[in-house]
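Enquirer: Below are the structure tokens for one structure; questions will follow.
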Amino acid sequence: MKKNASNRLAAITKLAFDVIPQDPTRPEYRQGGTLGDEHKHWFRAKFFQQYRLFFRYHAPSKVIVFAWVNDEDTDLAPVVPDTVQSLS
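Each residue of the sequence shown is one higher than the one before, starting from 106 at the first, in this note's numbering.
What follows is the structure in structure tokens.
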């Protein structure tokens, strides 16, 4: 578990200080409507398949604010509504 945490920290550090500052406007950081129209100003960088580093940026000020990283307990799969019925 400790090694996994170290690897995550290394990946976050690389994203935050090297990769994202090079171009925070990259299309793969955009979420589309995932969080709803009122949150389109949030961006995310994916790493290790299941993790996301969320951030915002202000181009004129050249400021990037890193807000949060999901953890291993965060469910990224879409939730199936209770109204879906089994076909069996």
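By construction, the Cβ of each residue, glycine as well, lies at the ideal position given by its N, Cα and C atoms.
This structure is a prediction, so every number in the text was calculated from the model and none was measured.
If I follow the unbroken alpha helix (DSSP H) through R113, where does it start and stop?
Expert: R113 -> alpha helix (DSSP H) spans K107 to K119.
Enquirer: Would you check if there are 3 or more beta carbon pairs closer than 8 Å linking the region 122 to 136 to the region 149 to 156?
Expert: In short, these stretches touch, since the Cβ pair count reaches three.
Enquirer: Looking only at its chain, what residues have a beta carbon closer than 8 Å to the beta carbon of R157, apart from the 5 residues adjacent to it on each side?
Expert: For R157, where only same-chain residues beyond five positions count, the Cβ hits under 8 Å are R149, A150, K151, V174, N175 and L181.
Enquirer: Look up F148 in the DSSP assignment and say whether it is helix, strand or coil.
Expert: Three-state DSSP puts F148 in a strand.
Enquirer: Quick test of your reading: F160 and I169, contact by CB under 8 Å. State the CB separation rounded to the nearest angstrom.
Expert: Indeed they touch by this definition, with Cβ atoms about 6 Å apart.
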